[in-house]
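Encoded as structure tokens, the structure appears first; notes follow it.
Okay, here's the thing in structure tokens:
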């Protein structure tokens, strides 16, 4: 069973919106911090946003005010709502679930987001 399954990537023009989804098993969803990372070609993979088990969120400065991370406990799914997209948001976006308490670290397969000017 794949621990994290992403969906929702695609191509959009600058100023548009996309919503990414990441479905997890209940155990992973309830016991891990959940986050979204992105990696552009030739660049390192960087944190975009994260949400803790109690709903505390943290965002990269470059996406504050434009992106919103949320979690739905009924669906064991974490979302990344991306508004006012810019060409520099183009990257492969990865879902991650991790816990320093349990020593877990799971990654999704990645989903491409392309923003054209």
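In the numbering used here, the protein residues as written are 121 to 237.
We treat Cβ as the ideally placed atom computed from N, Cα and C, and that holds for glycine.
Would you mind working out which of 222, 223, 152 sits nearest residue 191, comparing C-alpha positions? Just measuring C-alpha positions, the residue of 222, 223, 152 sitting nearest residue 191 is 152.
Quick check on DSSP: helix, strand or coil for residue 226? Strand.
Is residue 237 near residue 134, with beta carbons less than 7 Å apart? Yes.
Short check: CB of residue 124 to CB of residue 202, under 7 Å? Residue 202 is positioned such that its CB atom lies no closer than 7 Å to that of residue 124.
Which residues in the same chain have their Cβ closer than 6 Å to the Cβ of residue 178, if we skip the five residues on either side of it in sequence? Around residue 178: 170.
C-beta atoms of residue 136 and residue 205 nearer than 7 Å: Yes. Within cutoff.
Assuming the contact rule is C-beta atoms closer than 8 Å, residue 188 and residue 143 should be a hit. Round their C-beta distance to whole Å, please. Contact check for residue 188 and residue 143: beta-carbon distance about 18 Å, past the 8 Å limit, so the pair fails to qualify.
Extent of the continuous alpha helix (DSSP H) to which residue 186 belongs: Note, residue 186: premise wrong, no alpha helix (DSSP H); not H, not E.
Given residue 141, which residues of its chain have a CB within under 6 Å of its CB, disregarding the five upstream and five downstream residues? Around residue 141, the same chain offers 127, 128, 197, 199 as residues with beta carbons nearer than 6 Å, after the five sequence neighbours per side are excluded.
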